[in-house]
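A.B. asks:
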Amino acid sequence: MSDELKLSKELVDNVMHAVVSIDERAKDPFVGSQYLTAIVGYVVGSSSIQDSEKKEIMDELSSFMHHVCQDVTQSSSQPVSQAPAAPIAPPGSAFGIWKPGDA
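Each residue of the sequence shown is one higher than the one before, counting from 1 in this note's numbering.
(1) Count the other CB atoms within 10 Å of the CB of V20; is the residue buried (16 or more) or exposed (fewer)?
(2) Here's the rule: buried if 16 or more other CB atoms are within 10 angstroms of the residue's CB, otherwise exposed. What is A26?
(3) Is the CB-CB distance between M58 and G32 below 9 Å?
(4) I need the boundaries of the alpha helix (DSSP H) containing L11, first residue and last residue.
(5) How far does the alpha helix (DSSP H) with D38 in it reach, from first residue to last?
(6) Considering only C-alpha positions, which residue in the set S75, S76, M65, Q78 is nearest to L5?
(7) Can you name, in chain order, every residue of its own chain whose Cβ lies under 6 Å from the Cβ of L7, other than the five neighbours on each side?
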């Protein structure tokens with residue numbers, strides 16, 4: 001088994017969809033990020049480890065978060081050979097892409 005995380009756009013979209021289903025304001029990337037940050041703080045804070053270890057873990061996670069952000073920012077500024085993923089449609093709404101010539 002690999003120690004590598006399986007981070008994907010699909011995973012991020014699914015997690016954000018769950019957050020937005022609780023609070024529509026989370027459609028705003030900053031508000032959504034606040035929820036994710038609060039969840040991490042809650043999980044680490046409620047764990048049964050020493051406070052000094054919690055601080056160390058939070059510092060490592062903060063550094064890791066910056067690394068992921070830089071990586072995504074650099075990747076998104078480079079040309080992408082795949083078509084961009086479609087945005088998440090609100091629950092109960094219809095969503096599609098129409099192209100000229102489609103019947």
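Glycine residues also receive a C-beta, built at the ideal position from the N, C-alpha and C atoms.
Fair warning: this is a prediction, and the values are worked out from it, not measured in the lab.
C.D. replies: Quick answer:
(1) Classification of V20: buried, given that the 10 Å Cβ count is 16 or more.
(2) buried
(3) no
(4) 9 to 22
(5) Checking the displayed sequence, the identity of residue 38 turns out to be Ala instead of Asp. That run of the alpha helix (DSSP H) goes 29 to 45.
(6) M65
(7) none
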